[in-house]
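So the structure is just underneath, and the comments pick up after that.
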Amino acid sequence: MLLKDEVGMLQRIPLFSGIESTKLKLLAFTSDRVSYSAGQILFRQGDEGDAAYVILSGSADILVDSDSGPIKIAEMVPNSIVGEIAILCNSSRTATVRAASPVEALRIRKDHFLRLMREYPEMTIEILRVLADRLSHTTADLIDARSAK
Amino acid sequence: MEPSLARYIWTHTKKQQVWILIIVLLSMIPYFMSFDLPKLIVNGPIQGSGFEQPGATRPFMKLHYNLPFIGEVQFFSGFQLDRKETLFALSLVFLLLVVINGLFKLYINTYKGRLGERMLRRIRFDLVDRVLRFPPVYFKRVKSAEVATMVKDEVEPLGGFIGDAFLQPVLLGGQALTAMLFIMVQNVWLGMIAVVIVVIQIVLIPRMRRRLIVLGRERQLTARALSGRVGEIVDGIGAVHVHDTSNYERADIAARLGLIFKIRFDLYQWKFMVKFLNNFLAQLTPFLFYMIGGYLVIQGRLDVGQLVAVISAYKDLPGPMKELIDWDQARQDVQVKYQQVVEQFTVDGLIEPKIGALTIDDPGPMTNPLSAIGLSIADDGGAMLLDRISLQVKPGETVALVSTATGGAEALAEAFARLNWPDSGRVMSGADDLLELPEAVTGRRMSYASSDVFLFQASLRDNLLYGLKHAPLTSVTYDGAAADQHRWNMHEARRSGNPDLDIQSDWINYASAGATGPHDLFEAVRRVLDAVVLSRDILDLGLRSSADLTRHTELARRIVELRAALRTRLEQEGLSGLVVPFEPGAYNKEATIGENLLFGAAAGPKLADRALAANPYFASVLKEAGLDRTLYEMGMEIAGQAIELFADLPADHQFFQQLAFMSAEEIPAYETLLQRLKNRPHEAVSENDRAMIVTLSFAYIEPRHRFGLLSDELMSKIVAARNHFYENLPPELQDAIERYDPAKYIAAATVMDNVLFGRVGNSHPDAPDRIRSIVYDILDELGLYAELLDVGLDFNVGSGGRRLTGGQRQKLDVARALLKRPDFLILNRPLSALDHRMQEKVLRNVLEAARCDGHSPAIVWVVTSPAMAAMFDRVVVFDSGQLVEDGTHETLLAGNGIFKELLS
């Protein structure tokens, strides 16, 4: 997959959809293209969050440790981003991500991501908007859940 | 040191001074003979006096003297020569005299020069010898750069002066006296005038020069202070930048230079003023001769012939006088310089020479306890660091010194190491005062390491083994020219009062490290490096550096085996994808296009980096392979992409680390270049521009940059070009490149690159770490671990060890102290740069490693945290310079004292 295809992929991710393609291209160029075979771990729960991953191909499982061993809580498919929360709020990883099939991903380093946000306010606003959107969804979900009780 | 320069020179060179004087006097004979000869030639054969009759002959080389009482004695009646023969003979004699005079001059100058250089060498050595014997307190006050400039620059003019120190006054004084006598003989009264003027010169000029001497001293002191400040700026460059004080430093330096300029300018003004006066006085004499002598002639009291004779005799006086006065100036100048230096090097409490005397045989172990008796140490400000401490450390005992912030345990450790001398009280080893023991005992049977580490600018190995180099232990045999050179070196060293120790000898005391020679020293080295947890760091350094193949032959010999082992291991672990190996007939996708083309490591600058695209042979290979156009277009594409991505980023942006093609500074240049070349046909582009663009393509790696520029066809073309490149490689480039060969070690590449013989894939973020640990495993399995550690030990630590981290430096210092297996190991907060967990780990290791093979030294450790004291036999607690608690860890813990407070 070439740089320009990656830019296309990035554009389809809501977090990045409002950002100019030249900026996305820079983000893609400065990110590492990484590949994992099935079963390999992208990162572990509790690790320090140093990068976010955009899945380009393949799929990955999101696992959370529990008393009865890891539980799969979600599956990542191409065009999704994972690990962005940890790099935005300096927390450790809240889940483990494991490749379910051979995975091609774009690894966006934390310092690069933050630097881009600092330099391009329009991008930051865009990300804020997406996050606020998510928050309002979560809040709505919460209200639903509470009222359903 | 001898305060008078003249006496210093006379003491060390009197024989030579007398000898050179004799030679100079001897040289006068042919010199004066050659004066007389031209007159003989002109009057005799040329003008014909004595050859009036045709065919007349004259005796040549007739030796006859008119001796007193005996009368005329003839030794040799001479050859009878006619006019032409006499001309040739006399001319040949003239030539002979010229040669003899020249040879005398050559000998005299060489002799004087050598004399001066030897003395200079002696002075410099004496000075450094004194530096080695200064008491520790002196070094708190002096700047190293100032000492260096004294040893190097300030005594330099002495060398030139020493040869003339005694010769010049004797000779010139003699000449001046002769000229004066000559004038006196002609006419006493005119002679008296000359004498008066000379006396005025002799009295006045040195008086005026006094100010010159004062200025000269100031010049020397300010220049020395300047070099001290420059040294400080270099050492403290970090502080300068951190505090934005570079302009303060600029101002300071400018002010100092201004002062030096003023002093120097004053000096010049005075110098030329004195010169003017001197010349004036010298010219005053003929003026008086003309006026008074002329007056006397007119009066008829003096005849013209006498006056002319006096005036012409006077011509010989000013020359020697002037030179004599110059000599005196030089004398005063170097005397001042010498005194200034000697003053600085005259220090009270100099360490006795016998303390540092060379001792070949190892002293016996120190079996007596080490004790402080009523020991008090004050700092420079007079505050008491230790107040009447008494403490005894028995052999074999491990003692933790725990100290509050003002405790003074460090001062005690320094006193044990003789780095801090007692103000009152004593440190004793048994019944001997520690300060009176020779360094051969304390330096070999005791070790000291502190947080303040000094490393020399040399390899890790040299720094580690530094603590074993006490004396030359082997005598090196030299043969042929080297033997002559060595003999000459030793002879000259002795002539200059330098020691004749051979630096080429093996100075390493293997026995003290528990080894028998170079072959098994490594075991001891590895043991101490493991103890301080430094081996892994050194292995990493080894992997990243290129091995010196004259030393590490084993690595080169077994490289094929190593590479194969790595492949097998990677396959076994299913990690083959991590490394893409170099194969002579295939394109390596994880390597750059440049690497794929060259398929070798550039040795030297001819084919390295930017020079590659501009290399005419390389360019011709590209052209023949039809790649020049492709790569140019590729370069244009890359330039376009790079500029699009990066053009509006500030030059210091961290993203530029990702841009392998060009640096941030080059972006504007490429931007204009791209504009200029955009629509120009390939043929119309100049060589230089083409090289600039093609270079960009060399850094391209498809999987990493993902511009989609690499096709299968291009890859096969590149492989073909590679082969073509090596087939016709011109001889001048043979040494500029080492071709990748699966069966050969590449000297120009790092050890890691050699073992990998390929590139780590870009798509595995943790690949480098995994591969490194696999490589270590393999090296260990194949028994090459030690060899790699040895490669790492070649690493040059840089000035003051600054290429290592603070923690590494401290670990190295502890390893060095441990290596010589001392009887008393004194460690003064040695690992303060490490975190507590690491400190405790190293502490445990060191306590264990120190007690290997039946050896059990006393260990005195000033610990950074009281918790570390638990590992010691005994704990001593200091507070405000007082020893407040002393006992085992358990008893102190049970008590209710400061130790318990410190722990909580």
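If you're matching them up, the sequences are chains A and R in order. Using my numbering, you'd call the opening residue of the first sequence number 1 and step up by one each time. Using my numbering, you'd call the opening residue of the second sequence number 1001 and step up by one each time. Yeah, the Cβ is synthetic: ideal placement off N, Cα and C, and Gly gets one too.
Here leucine 1277 of chain R is not near leucine 1215 of chain R, since their CB atoms are 7 Å or more apart.
Neighbours of aspartate 111 of chain A across chain R, judged by C-beta separation under 8 Å: Gln1654. For valine 64 of chain A, no Cβ of chain R is located within less than 7 Å of the residue's own Cβ. Under the three-state reduction of DSSP, threonine 1474 of chain R is assigned to coil, being neither helix nor strand.
At a cut-off of 7 Å between beta carbons, serine 35 of chain A contacts chain R. Runs of the beta strand (DSSP E) lying entirely within the segment 1030 to 1104 of chain R and spanning at least 3 residues, in chain order: 1058 to 1060, 1063 to 1067, 1071 to 1076 and 1079 to 1081.
Under the 7 Å criterion on CB atoms, glycine 1708 of chain R is classed as interfacial with respect to chain A. Residue-level contact by beta carbon holds for proline 1765 of chain R and chain A, with a gap shorter than 7 Å.
Tryptophan 1861 of chain R carries a strand assignment under DSSP once its states are collapsed to helix, strand and coil.
Around the beta carbon of valine 64 of chain A, fewer than 16 other beta carbons lie within 10 angstroms, which makes this residue exposed. By the rule that beta-carbons nearer than 7 Å mark a contact, leucine 1575 of chain R does not touch chain A. Put simply, the CB of leucine 1645 of chain R is near chain A, with a gap under 7 Å to one of its CB atoms. Residues of the same chain with a CB within less than 6 Å of the CB of histidine 1486 of chain R, apart from the 5 flanking positions on each side, are Tyr1478 in chain order. Looking at the backbone, the Cα of glycine 39 of chain A and that of alanine 100 of chain A are separated by about 6 Å.
Spatial neighbours of leucine 1259 of chain R in its own chain (CB-CB distance under 8 Å, excluding positions within 5 residues in sequence) are listed in chain order as Thr1222. Among the residues facing chain A, glutamine 1658 of chain R is included, as its CB has a counterpart in that chain under 7 Å away. Around the C-beta of aspartate 1333 of chain R, 16 or more other C-beta atoms lie within 10 Å, and the residue is accordingly described as buried. In terms of Cα proximity to threonine 30 of chain A, the closest of R:His1653, R:Val1775, R:Lys1678 and R:Gln1882 is R:His1653.
Within a 10 Å sphere around the beta-carbon of tyrosine 1338 of chain R sit 16 or more other beta-carbons, which makes this residue buried. Among the residues of the segment 1700 to 1726 of chain R, those with a Cβ less than 8 Å away from any Cβ of chain A are Pro1703, Arg1704, His1705, Arg1706, Phe1707 and Gly1708, in the order of the chain. Isoleucine 1377 of chain R carries a strand assignment under DSSP once its states are collapsed to helix, strand and coil. With a minimum length of 3 residues, there is no unbroken run of beta strand (DSSP E) contained wholly in the segment 1605 to 1652 of chain R.
In the structure shown, glutamine 1882 of chain R falls within a strand segment according to DSSP collapsed to helix, strand and coil. Contact annotation: methionine 76 of chain A and alanine 60 of chain A have beta-carbon atoms nearer than 7 Å. Relative to tyrosine 1295 of chain R, the option among R:Ile1070, R:Leu1190, R:Asp1380 and R:Ile1701 whose CA is nearest is R:Leu1190. Beta-bridge pairing by DSSP links asparagine 1796 of chain R to R:Ser1459. Residue state for isoleucine 1360 of chain R is assigned as coil, using DSSP reduced to three classes. Between the alpha carbons of valine 1685 of chain R and asparagine 1615 of chain R lies a gap of roughly 17 Å. Counting C-beta pairs closer than 8 Å gives three or more between the segment 1880 to 1899 of chain R and the segment 1368 to 1388 of chain R, which meets the contact rule.
R:Val1532 is the residue among R:Gln1053, R:Leu1501, R:Leu1468 and R:Val1532 whose C-alpha sits nearest the C-alpha of lysine 1841 of chain R. R:Gly1044 is the residue among R:Gly1044, R:Val1860, R:Ala1748 and R:Arg1122 whose C-alpha sits nearest the C-alpha of leucine 1081 of chain R. Between methionine 1490 of chain R and aspartate 1506 of chain R, the C-beta gap is not smaller than 7 Å, which leaves the two residues out of contact. Straight through space, the alpha carbons of glycine 1800 of chain R and glycine 1236 of chain R are spaced by roughly 13 Å. Interface criterion met: the Cβ of phenylalanine 29 of chain A is under 7 Å from a Cβ in chain R.
Within chain R, Glu1644 and Leu1645 have C-beta atoms less than 8 Å from the C-beta of threonine 22 of chain A, given in sequence order. When C-alpha distances from alanine 1565 of chain R are compared across R:Phe1265, R:Leu1779 and R:Pro1068, the shortest belongs to R:Leu1779.
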